[in-house]
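Peer 1: Numbering (the numbering used here), first residue to last: 885 to 1266. All C-beta atoms, glycine included, are put in the ideal place defined by N, C-alpha and C. Just so it is clear, the structure is predicted and the values come from calculations on it, not from any experiment.
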Ligand code: SOE
């Protein structure tokens, strides 16, 4: 695994636990973790359960005791590491969004094409929330009939403070985009996963509310305005709002922001079809709400499906009904499905091609947002 911050920690949890809960055909071994600083990488290895530590990812992919490389670094290095790993004969799991640009994502897909025996997956983990797997199965089985609307929001609030420092996530060269790539990529992937086809087009607005933030001078810098710390430019969007259309005729709306006070990890979605509706809220991820429009009007209403039954996706291996799962379980399911795909020799989804599709949507959102023509000004009445 390359990188060991938040995503590295939760991926490690996935790798450590998948084989203990699911009956896997192969046993994941946490062989080596990689980070630039030797001491920190060694400490991460000990903390997260990896046997050894490396300081250069090139050394990691040269090792013949490693079959799969898990990329948990900022987007700027995804393409280089993933392509080198595939060409060195490794399977790859890459954190989302797949890359920082469409060109990089295309090169990654090309690397999978010239290495057909290698398995490559992009980490859109929320697909593996049991309630959303169930929603996808219900939509696929026609329970909602023809889809009319899908609306998705992904709201967080960790940037509301204008003195929050200028981290890598706020610079285009490291993150590719802002809330759009970080959060918007998840909801674009989910929309395409649930509707079952790629978006045909988008119309967008993006903005950057806080254009400058304190520069991270070093670990000990006091990053408050009052200390007079230098401020640097935020070069990505703070929020993205866009609509889209699917070839099937369904209309979609999306909102991604890290400026929504009180919203910590609020991914919410609703799907309306000719026969019914589904509703999901990540902050209550064991529940899926279903309105069956074919029921007699007097008795119809949204009902809560508690997605903890052994018949529900992934649940047979977990706790008795009602005992519930959480955020980390999506990564355990991701590890489980990837190991199964490696054993079966089949490409899992979301594949790098799915990741490229999301990347094309992100690029289309940025292009649309940059064009004044899609934004029609309204004159104020005086
Ligand atoms: C930060 O906004 C973040 O960690 C995302 O990068 C993740 O993909 C999401 O799962 C939680 O929030």
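CB-CB under 8 Å to residue 915, same chain, minus the five flanking residues each way: which ones, in chain order?
Peer 2: Cβ neighbours of residue 915 beyond the five flanking positions: 934, 935, 936, 947, 949 and 950.
Peer 1: Use the C-beta contact count for residue 904: other C-beta atoms within 10 angstroms, 16 or more gives buried, fewer gives exposed.
Peer 2: exposed
Peer 1: To the nearest angstrom, how far is it from the Cα of residue 962 to the Cα of residue 1238?
Peer 2: 15 Å
Peer 1: For a test of the three-state rule: what should DSSP assign to residue 1184, helix, strand or coil?
Peer 2: coil
Peer 1: Note down the Cα distance separating residue 1249 from residue 1084, rounded to an integer number of angstroms.
Peer 2: 12 Å
Peer 1: Drop a sphere of 10 angstroms on the beta-carbon of residue 941, count the other beta-carbons inside from all chains shown, and report buried for 16 or more, exposed for fewer.
Peer 2: buried
Peer 1: Which of helix, strand or coil does DSSP assign to residue 1103?
Peer 2: Legend: pLDDT at residue 1103 = 40, less than 50; position of this residue unreliable, no value from coordinates given.
Peer 1: Keeping to the same chain, check which residues put their C-beta closer than 6 Å to that of residue 1188; ignore five residues upstream and five downstream.
Peer 2: Cβ contact annotation for residue 1188 (same chain, cutoff 6 Å, sequence separation greater than five): 1171 and 1173, in chain order.
Peer 1: Using the Cα positions of residue 986 and residue 920, report the straight-line distance between them to the nearest angstrom.
Peer 2: 27 Å
Peer 1: Mark residue 1021 as exposed unless 16 or more other C-beta atoms lie within 10 angstroms of its C-beta, in which case mark it buried.
Peer 2: exposed
Peer 1: Determine the direct distance from the alpha carbon of residue 1224 to that of residue 964, and round the result to whole angstroms.
Peer 2: Near 26 Å, if we compare the C-alpha coordinates of residue 1224 and residue 964.
Peer 1: Under 8 Å by Cβ, that's how I've got residue 1063 and residue 1127 pegged, so tell me the actual separation to the nearest angstrom.
Peer 2: Wrong, their Cβ atoms sit about 16 Å apart, outside the cutoff.
Peer 1: Count the C-beta pairs between the stretch 1006-1018 and the stretch 1112-1120 that are closer than 8 Å, then say yes if the count reaches three, no if not.
Peer 2: Taking 8 Å as the limit for Cβ pairs, the verdict is that the stretch 1112-1120 does not touch the stretch 1006-1018.
Peer 1: Is the stretch 1024-1037 in contact with the stretch 1131-1149, if contact means three or more CB pairs nearer than 8 Å?
Peer 2: yes
Peer 1: Taking the beta strand (DSSP E) that residue 890 belongs to, which residues open and close that run?
Peer 2: Careful: residue 890 lies outside any beta strand (DSSP E), inside the alpha helix (DSSP H) at 890-905.
Peer 1: For residue 1054 and residue 1119, I'd like the C-alpha separation in whole angstroms.
Peer 2: 6 Å
Peer 1: Measure the alpha-carbon distance for residue 1178 versus residue 1186 and round it to whole angstroms.
Peer 2: 12 Å
Peer 1: Could you check how far apart the C-beta atoms of residue 1160 and residue 1176 are, in whole angstroms? I think they sit under 8 Å.
Peer 2: 5 Å
Peer 1: Between residue 1066 and the ligand SOE, is the CB less than 6 Å from at least one heavy atom?
Peer 2: Flag set: Cβ of residue 1066 near the ligand SOE.
Peer 1: Can you grab the Cα-Cα spacing for the pair residue 1044 / residue 1138, in whole Å?
Peer 2: 20 Å
Peer 1: In this structure, how does DSSP classify residue 1108 when only helix, strand and coil are distinguished?
Peer 2: The predicted position of residue 1108 is uncertain, since its pLDDT is 46 and thus under 50; a value taken from the coordinates is nonetheless stated next. Here residue 1108 sits in coil by DSSP.
Peer 1: For residue 895, which residues from the same chain have a beta carbon less than 7 Å from its beta carbon, with the 5 sequence-adjacent residues on both sides left out?
Peer 2: 885, 954, 956 and 1215
Peer 1: Please report the residue range of the alpha helix (DSSP H) in which residue 1211 lies.
Peer 2: 1211-1228
Peer 1: How is the alpha helix (DSSP H) around residue 828 delimited, first residue to last?
Peer 2: In the structure displayed, the chain extends from 885 to 1266; residue 828 sits before or after that span and is not available.
Peer 1: I believe residue 1132 touches residue 1031 by the beta-carbon criterion, under 8 Å. Please report the beta-carbon distance rounded to the nearest angstrom.
Peer 2: 6 Å between Cβ atoms; contact.
Peer 1: Quick check: the stretch 991-1005 against the stretch 964-982, are there 3 or more CB pairs under 8 Å?
Peer 2: yes
Peer 1: Whose C-beta lies closer than 6 Å to the C-beta of residue 1151 among residues of the same chain, with five residues either side of it excluded?
Peer 2: Cβ neighbours of residue 1151 beyond the five flanking positions: 1038 and 1166.
Peer 1: Rounded to a whole number of angstroms, what is the C-alpha to C-alpha distance between residue 1001 and residue 944?
Peer 2: 20 Å
Peer 1: Return the chain-ordered list of same chain residues with a C-beta closer than 6 Å to the C-beta of residue 1154, the five sequence neighbours on each side being excluded.
Peer 2: 1035 and 1163
Peer 1: Of the choices 906, 1263, 958 and 1227, whose alpha-carbon is the least far from that of residue 1200?
Peer 2: 906
Peer 1: Using the beta-carbon count (16 or more within 10 Å), is residue 1104 buried or exposed?
Peer 2: Per-residue confidence for residue 1104 stands at a pLDDT of 41, beneath the threshold of 50, marking its modelled position as unreliable; the derived number appears in the next sentence. Exposed is the call here.
Peer 1: Between the beta-carbon of residue 1081 and the beta-carbon of residue 1008, is there less than 7 Å?
Peer 2: no
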